[in-house]
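Participant: Handing you this structure, nothing more for now.
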Amino acid sequence: MTDKRYKETIHTDKNNYEYISITHDENRVRVYTLKNGLKVFLAQNFDAPRIQTYIPVRTGSNNDPSDNTGLAHYLEHMMFKGTSKIGTQDWTQEKALLDQISELYEQHKAEPDAEKKKDIYKKIDAVSQEASQYAIANEYDKVISSLGASGTNAHTWFDETVYKNNIPNNELEKWLKVEKERFSEVVLRLFHTELESVYEEFNRAQDNDSRLVNYELMDALFPTHANGQQTTLGKPEHLKNPSMKAIHKYFDEYYVPNNYAMVMVGDLVFEDAIQLIDQYFGAIPYKELPKKTPVIEKPLTAIVKRTVKSPTTPRVQLAWRTDSYGTKEAMLADITANIMSNRGEAGLLDLHINQTQRMLWAQAFSVGLKQYGYFSIVAVPKETQTLDEAKDMVLEQIELVKKGEFPDWMLPAIINDFKLQRMKALETADGLATNLYDTYIKGRTWAEELNEMDVYAAFTKQDVVDFAKDFFKNNYVIINKEKGVNDKLIRVENPGITPIKINREAQSEFLKQILAEKTEDIQPEFIDYDKEILTDTVKDKKLSFVKNKYNDIAQAYFIFPFGSDNERDLGISTQLLQYLGTDKYSPEDLKKEFFKIGVSNDFKTTNDQLLISLSGLEENIQQGIELLQHWMQNIKPDQEVYHQFVETVLENREAVKKDKNRIMTALTNYTKLGEFSRFTDVISKEELESSAVEKFTDRMKNLFKFPYQLFFYGKNYENFKNYIDHYVEVSSLAIPEPKEYPEPETNGNVYFTNYDMVQMEMSKIGKGKNVNILNFGKINVFNEYFGRGLSSIVFQEIRESKSLAYSAYVSYSANSELGHPDYVSTYIGTQPDKLQIAVDTMSELMNDLPEVSIQFENAKNTAMKQIASTRVTRTNIFFNTLRLKKIGVAHDFRKDIYEQIQSLDFAVVKKFYQTEIKPLHFNTAIIGKKENLNMEAVNEMGTFKEIGLKDIFGH
3 MTDKRYKETI
13 HTDKNNYEYI
23 SITHDENRVR
33 VYTLKNGLKV
43 FLAQNFDAPR
53 IQTYIPVRTG
63 SNNDPSDNTG
73 LAHYLEHMMF
83 KGTSKIGTQD
93 WTQEKALLDQ
103 ISELYEQHKA
113 EPDAEKKKDI
123 YKKIDAVSQE
133 ASQYAIANEY
143 DKVISSLGAS
153 GTNAHTWFDE
163 TVYKNNIPNN
173 ELEKWLKVEK
183 ERFSEVVLRL
193 FHTELESVYE
203 EFNRAQDNDS
213 RLVNYELMDA
223 LFPTHANGQQ
233 TTLGKPEHLK
243 NPSMKAIHKY
253 FDEYYVPNNY
263 AMVMVGDLVF
273 EDAIQLIDQY
283 FGAIPYKELP
293 KKTPVIEKPL
303 TAIVKRTVKS
313 PTTPRVQLAW
323 RTDSYGTKEA
333 MLADITANIM
343 SNRGEAGLLD
353 LHINQTQRML
363 WAQAFSVGLK
373 QYGYFSIVAV
383 PKETQTLDEA
393 KDMVLEQIEL
403 VKKGEFPDWM
413 LPAIINDFKL
423 QRMKALETAD
433 GLATNLYDTY
443 IKGRTWAEEL
453 NEMDVYAAFT
463 KQDVVDFAKD
473 FFKNNYVIIN
483 KEKGVNDKLI
493 RVENPGITPI
503 KINREAQSEF
513 LKQILAEKTE
523 DIQPEFIDYD
533 KEILTDTVKD
543 KKLSFVKNKY
553 NDIAQAYFIF
563 PFGSDNERDL
573 GISTQLLQYL
583 GTDKYSPEDL
593 KKEFFKIGVS
603 NDFKTTNDQL
613 LISLSGLEEN
623 IQQGIELLQH
633 WMQNIKPDQE
643 VYHQFVETVL
653 ENREAVKKDK
663 NRIMTALTNY
673 TKLGEFSRFT
683 DVISKEELES
693 SAVEKFTDRM
703 KNLFKFPYQL
713 FFYGKNYENF
723 KNYIDHYVEV
733 SSLAIPEPKE
743 YPEPETNGNV
753 YFTNYDMVQM
763 EMSKIGKGKN
773 VNILNFGKIN
783 VFNEYFGRGL
793 SSIVFQEIRE
803 SKSLAYSAYV
813 SYSANSELGH
823 PDYVSTYIGT
833 QPDKLQIAVD
843 TMSELMNDLP
853 EVSIQFENAK
863 NTAMKQIAST
873 RVTRTNIFFN
883 TLRLKKIGVA
893 HDFRKDIYEQ
903 IQSLDFAVVK
913 KFYQTEIKPL
923 HFNTAIIGKK
933 ENLNMEAVNE
943 MGTFKEIGLK
953 DIFGH
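Going left to right, the sequence shown walks through residues 3 to 957 as this note's numbering numbers them.
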């Protein structure tokens with residue numbers, strides 16, 4: 003057996019805490035275990051004076067009671083409601099009422115008669131009203147945002163519930179004090195309003211056919227295991243009949259220190275951090291976990307076929323069940339998935355199907371779970387192809403793997419790519435912290451995770467072939483996603499609740515104490531771009547350089563100061579390039595050559611810029627540049643390939659017009675910019691079909707004759723300067739003049755597009771004055787205070803008080819370029835029967851900015867703390883200067899914003915609101931099922947017009 007490179011070693015720190023580290027671990031992770039079983043993963047990252055924290059709990063929907071599915075997810079929501087100390091004005095009075103509510107829910111769950119259930123729910127609603135006078139909504143978020151935290155969130159999945167915060171490092175002890183309180187007990191306050199939010203989340207999922215396909219896939223793959231039998235959101239009958247007692251029982255059983263971990267990566271001192279964690283979490287008692295009987299699935303011995311219908315483009319998905327994450331079978335499935343699809347580069351599906359445009363798109367991937375997993379392929383056929391034809395095409399590629407008909411270089415290249423992707427992921431605090439918590443959830447050690455790359459590297463081509471022959475049989479699940487009406491849509495009805503009291507001005511004693519505890523402020527550090535960016539000239543091109551202080555990955559950028567406004571068809575030209583070869587290489591061979599050297603290329607076209615980038619190990623970047631320029635300057639026109647490309651473009655256009663999210667984006671753009679905009683000004687079907695391929699290839703051949711600048715992010719600047727001169731020519735072509743697009747007034751029009759869906763989505767857009775950089779501080783605080791985030795006025799009123807929507811926000815967006823207008827947008831996604839009251843509530847809030855002094859000060863301090871503890875690093879150092887140039891700024895403008903916020907008071911923000919926001923007129927975009935539209939309410943919003951897909955997409 004191969005001697006493992008990464009081995010556990012045991013150490014004791016200066017305070018006598020024992021920890022495990024791993025030999026050769028460049029991240030120097032320390033793993034502590036407290037006496038109560040709490041695992042603590044600590045690592046240092048000095049990018050900024052902040053700490054990325056995760057508290058992963060080893061429980062998720064797979065541990066839901068069979069008669070209370072969705073419980074783990076609902077508990078995750080309730081973990082933000084506070085405790086007996088956080089979120090209450092009078093715990094004794096509130097507790098008595100919460101106990102009553104709990105008993106009423108038990109009666110409600112047990113009552114079989116529908117009318118009697120409604121009567122009980124009315125009692126629940128009445129007692130909840132009474133209890134709400136003692137509750138303080140969203141106080142957890144107020145506490146946590148007072149620390150300057152960002153990214154506050156959580157998620158639930160099969161075997162995990164993970165709580166997330168990114169905090170300034172000077173607030174570590176306060177954060178631990180808050181989290182210790184949260185993980186010591188759960189209080190189910192404001193229960194029935196949050197239940198409404200979960201209903202909304204369930205109903206939103208009904209409009210997401212990816213979820214619906216996945217539900218069918220998992221149900222068929224795992225007919226007895228919870229992986230397939232219990233969804234995270236739960237069954238509707240269970241959501242409608244919750245048990246507060248069952249949630250408390252679940253918390254008491256699974257939220258114990260020997261079943262969760264503390265993960266921290268950032269600017270921390272190991273010894274100080276573990277002492278504080280022990281001080282706050284060490285006293286929470288160890289508790290034996292419930293005994294579980296493993297569920298063993300019988301092997302799949304036949305093809306299991308299911309059908310899902312929805313309005314989107316048809317597709318087919320195949321899946322084979324695998325063994326658990328980390329097993330030999332799961333790892334070989336992962337390798338095989340990458341032989342099929344390696345990030346769209348040189349896999350068999352990439353080259354034989356996507357590159358050759360045999361169908362619209364195909365991709366393979368593998369998912370490893372704590373118990374079992376699966377290998378899957380998704381294929382989207384052309385309109386002229388059947389789902390069966392798509393299935394047969396991808397199965398042909400599986401047969402090639404079985405026969406070993408893939409190049410010998412591919413397996414080593416895949417392993418190198420795995421290593422490269424891991425290197426990229428682990429260089430950031432969040433990337434490393436995510437890997438650590440995932441390792442904990444899956445029950446693996448950090449040493450096992452680090453040794454994984456060597457295990458992968460030991461597999462041979464013969465191992466893969468033997469695996470494929472044994473694994474891929476007629477033992478798979480196939481889901482045909484057909485276009486049609488989904489007759490299985492389930493909507494959880496609104497049971498009818500009375501809006502509860504928010505008590506915005508109230509503060510618990512706990513919050514008062516946290517606010518009273520002063521920590522030494524982190525001082526902001528503003529970057530001197532002239533010092534951080536080295537510049538030079540190569541021929542007539544500006545060259546900028548930022549040093550990579552972290553690893554051996556380099557990035558080279560060619561930045562052209564023109565985009566689709568200058569040449570409308572620039573984006574189409576760069577897309578077509580992907581399907582064409584040269585006199586030396588076929589298009590497939592080009593993909594292979596890039597993948598062999600581990601260099602990826604990317605073309606990004608915006609309205610005013612074309613950005614071409616190469617990324618890979620620094621030693622290979624020169625090869626990548628040589629290959630890129632050979633490709634572009636020697637591109638071989640092929641009219642037949644072009645016609646196939648046009649066919650694919652046109653089919654993709656049709657597919658986009660069936661996707662709800664893409665339709666809403668197009669409708670919102672139409673609502674904002676009118677019928678003629680960058681979004682609708684696309685090359686027509688007729689022009690595409692009649693054009694010669696040279697129209698596009700000549701543009702690419704001549705690209706490097708236009709002006710551009712270079713940016714290199716790496717270690718060896720001198721070496722880059724030495725070789726880049728060879729690849730640069732003096733500019734000989736002038737930049738085309740940009741087309742001007744109108745920015746019309748928004749004056750009270752309502753635009754509606756019909757779509758078969760459960761929910762209704764509405765966005766309002768108001769055109770403001772031209773951008774003024776002196777307003778940036780006000781905008782920052784306004785958004786934090788009023789429009790976005792868990793403790794904003796809008797969120798509290800729309801979701802917490804009235805349970806009108808799962809998602810609602812107001813956002814003021816400053817324009818990124820001088821001379822152009824700012825926009826204010828609002829969004830509500832809710833049930834059709836709630837839309838009117840949601841709109842009315844939003845209008846009331848927008849009519850006169852509510853003043854809540856405590857909340858305003860919190861928003862202001864949060865904004866300042868986040869600026870103070872944020873650092874500009876890596877490629878952002880350079881790209882920030884490009885963004886700032888558009889608003890006429892050459893220095894680190896965060897300094898100005900910080901100073902603006904320092905001097906703000908509510909009166910200044912209120913005046914800004916009254917002069918810049920309140921006078922605006924809004925256009926409205928609505929998507930939903932027309933039969934559910936309340937026309938009386940809609941007509942009150944403005945002039946109604948139903949808009950077709952051709953109008954909003956421009957094709």
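Just so it is clear, CB atoms sit at the ideal spot from N, CA and C, and this is done for glycine as well.
These figures come from a predicted structure and were not determined experimentally.
(1) Which residues in the same chain as Asn476 place their Cβ atom closer than 7 Å to its Cβ, once the five residues preceding and following it in sequence are excluded?
(2) Measure the Cβ-Cβ separation of Val164 and Ile88 and say whether it is below 9 Å.
(3) Could you tell me whether the stretch 326-343 touches the stretch 398-412, using the rule of 3 or more Cβ pairs below 8 Å?
(4) May I ask you to report which of helix, strand or coil DSSP gives Gly39?
(5) Looking at the unbroken beta strand (DSSP E) that takes in Gly831, where does it start and where does it end?
(6) Could you tell me whether the Cβ of Ile276 comes closer than 9 Å to any Cβ of chain E?
(7) Closest to Gly565 by CA distance: which of Val548, Val396, Ile535 and Glu742 is it?
(8) Once DSSP output is grouped into helix, strand and coil, what is the label at Asn47?
(9) Exposed or buried, which one is Gly370 when buried takes at least 16 other CB atoms within 10 Å?
(10) Once the 5 residues before and after Val911 are set aside, which same chain residues still bring their CB inside 8 Å of it?
(11) Do you know offhand how far Met3's Cα is from Trp448's?
(12) Nearest-angstrom Cα distance between Pro921 and Val940?
(13) Please work out which residues of its chain come closer than 7 Å, Cβ to Cβ, to Ser871, disregarding the five sequence neighbours upstream and downstream, and give them in chain order.
(14) Could you check how far apart the C-beta atoms of Pro1 and Asp567 are, in whole angstroms? I think they sit under 8 Å.
(15) Can you name the residues that DSSP bridges to His13?
(16) Below 8 Å on the Cβ atoms is my contact criterion, and I expect Tyr252 with Ala74 to pass it. Report the Cβ-Cβ distance as a whole number of Å.
(17) Taking all protein chains shown into account, decide if Phe678 is buried (16 or more other Cβ within 10 angstroms of its Cβ) or exposed.
(18) Looking only at its chain, what residues have a beta carbon closer than 7 Å to the beta carbon of Leu99, apart from the 5 residues adjacent to it on each side?
(19) Please list the terminal residues of the continuous alpha helix (DSSP H) segment that includes Gln131.
(20) Pop quiz: Thr226 and Val297 are said to be a contact at Cβ under 8 Å. What is the actual Cβ separation, rounded to whole angstroms?
(21) If Ile103 sits next to Val318, beta carbons under 8 Å apart, how far is it from one beta carbon to the other, in whole angstroms?
(22) Between the Cα of His110 and those of Leu735, His79, Leu270 and Met246, spot the shortest distance and give me the residue it belongs to.
(23) How about Phe924 and Gly944: do their beta carbons lie closer than 9 Å?
(24) Output the residue ranges of the beta strand (DSSP E) runs that lie fully inside the stretch 724-794 and measure 3 residues or longer, sorted by chain position.
(25) Exposed or buried, what is Glu938 when buried is set at 16 or more other beta-carbons lying within 10 Å of its beta-carbon?
(26) Per DSSP, which residues does Lys307 bridge with? Please list them.
(27) Between Pro563 and Pro746, which are expected to be in contact by the criterion C-beta below 8 Å, what is the C-beta distance as a whole number of angstroms?
(28) Got a sec, what are the start and stop residues for the alpha helix (DSSP H) Val457 sits in?
(29) Once DSSP output is grouped into helix, strand and coil, what is the label at Trp633?
(30) Does the stretch 638-649 come close enough to the stretch 607-622 that 3 or more CB-CB pairs lie under 8 Å?
(31) In the DSSP output, what is Gly930 paired with across the bridge?
(32) Sorted by chain position, which residues of the same chain lie with C-beta nearer than 8 Å to Leu545's C-beta, five sequence neighbours on each side aside?
(33) Name the DSSP beta bridge partners of Thr233, please?
(34) So for Trp177, helix, strand or coil by DSSP?
(35) Look up Asn925 in the DSSP assignment and give the residues it is bridged to.
Facilitator: In short:
(1) Here residue 476 refers to the residue found at position 474 of the sequence shown. Excluding sequence neighbours, Asn476 sits near Ala304 and Ile305.
(2) One-based indexing of the sequence shown puts residue 164 at position 162. One-based indexing of the sequence shown puts residue 88 at position 86. No, they are not a contact pair.
(3) Because the criterion of three Cβ pairs below 8 Å is met, the stretch 326-343 and the stretch 398-412 touch.
(4) By one-based count along the sequence shown, residue 39 stands at place 37. If DSSP states are grouped into helix, strand and coil, Gly39 belongs with coil.
(5) Looking up residue 831 in the sequence shown gives position 829. Gly831 -> beta strand (DSSP E) spans Pro823 to Thr832.
(6) Protein chains in the displayed structure number just one, and chain E is not present.
(7) Taking the first residue of the sequence shown as position 1, residue 565 is located at position 563. Considering only alpha carbons, the answer is Glu742.
(8) Numbered from 1 along the sequence shown, position 45 holds the residue referred to as residue 47. Residue state, collapsed to three classes: coil.
(9) Taking the sequence shown and counting its residues from 1, the one referred to as residue 370 is at position 368. Residue burial is scored here from C-beta neighbours: Gly370 has at least 16 other C-beta atoms within 10 angstroms and is therefore classed as buried.
(10) Translated into positions along the sequence shown, residue 911 becomes position 909. Setting aside the 5 residues that flank it on each side, Val911 is surrounded in the same chain by Lys780, Val783, Phe784, Tyr787, Leu851 and Phe858, each with a C-beta closer than 8 Å to its C-beta; the list follows chain order.
(11) Taking the first residue of the sequence shown as 1, we reach residue 3 at position 1. Taking the first residue of the sequence shown as 1, we reach residue 448 at position 446. The pLDDT assigned to Met3 is 43, lower than 50, so where the model puts this residue is not dependable; a value taken from the coordinates is nonetheless given after this. Cα to Cα, the separation comes out at about 20 Å.
(12) The sequence position of residue 921 within the sequence shown is 919, counting from 1. The sequence position of residue 940 within the sequence shown is 938, counting from 1. Between Pro921 and Val940, the C-alpha separation is close to 21 Å.
(13) Translated into the one-based positions of the sequence shown, residue 871 becomes position 869. Ala50, Pro51, Arg52, Gly150, Pro170 and Ile524, listed in sequence order.
(14) Residue 1 falls outside the range modelled here, since the chain spans only 3 to 957, and no answer is possible.
(15) Here residue 13 refers to the residue found at position 11 of the sequence shown. Its beta-bridge partners are Tyr21.
(16) As a working note, residue 252 is residue 250 in the sequence shown. As a working note, residue 74 is residue 72 in the sequence shown. Correct: roughly 7 Å between the Cβ atoms.
(17) Along the sequence shown, one-based indexing puts residue 678 at 676. Exposed, since its Cβ has fewer than 16 Cβ neighbours within 10 Å.
(18) Indexing the sequence shown from 1 puts residue 99 at position 97. Taken in chain order, the residues that qualify are Val129, Glu132 and Ala133.
(19) Working through the sequence shown from its first residue, we reach residue 131 at position 129. It spans Ala116 to Ser134 - the alpha helix (DSSP H) in which Gln131 sits, taken as one unbroken run.
(20) Counting from one through the sequence shown, the residue named residue 226 turns up at place 224. Counting from one through the sequence shown, the residue named residue 297 turns up at place 295. Indeed they touch by this definition, with Cβ atoms about 6 Å apart.
(21) On the sequence shown, position 101 is the one that residue 103 refers to. On the sequence shown, position 316 is the one that residue 318 refers to. So it is not a contact: roughly 47 Å between Cβ atoms.
(22) As a working mapping, residue 110 is identified with position 108 in the sequence shown. Nearest option by C-alpha distance: Met246.
(23) Against the sequence shown, residue 924 aligns to sequence position 922. Against the sequence shown, residue 944 aligns to sequence position 942. Yes, the pair counts as a contact, with Cβ atoms nearer than the cut-off.
(24) 751-756 and 762-772
(25) Working through the sequence shown from its first residue, we reach residue 938 at position 936. By the neighbour-count rule (16 or more Cβ atoms within 10 Å), Glu938 is not buried but exposed.
(26) Against the sequence shown, residue 307 aligns to sequence position 305. Answer is Ile480.
(27) For this step, residue 563 is matched to residue 561 along the sequence shown. For this step, residue 746 is matched to residue 744 along the sequence shown. Between Pro746 and Pro563 the Cβ distance is about 27 Å, and since that is not below 8 Å, they are no contact.
(28) Translated into positions along the sequence shown, residue 457 becomes position 455. Boundaries of the alpha helix (DSSP H) around Val457: Trp448 to Ala460.
(29) To locate residue 633, count along the sequence shown from 1; it is residue 631. Secondary structure of Trp633 (DSSP, three-state): helix.
(30) no
(31) The residue labelled residue 930 in the question sits at position 928 within the sequence shown. Paired residues: Asn756.
(32) Residue 545 sits at position 543 when you count from the first residue of the sequence shown. Only Thr537, Asp538, Thr539, Gln711, Leu712, Phe713, Phe714, Lys723 and Ile726 meet the Cβ criterion.
(33) As a first step, residue 233 must be located in the sequence shown, where it is residue number 231. Residue pairing by DSSP places Thr233 opposite no residue, since no beta bridge is assigned to it.
(34) Locating residue 177 in the sequence shown gives position 175, where the first residue counts as 1. If DSSP states are grouped into helix, strand and coil, Trp177 belongs with the helices.
(35) Position 923 of the sequence shown, counted from the first residue, corresponds to residue 925. Paired residue(s): Ile767.
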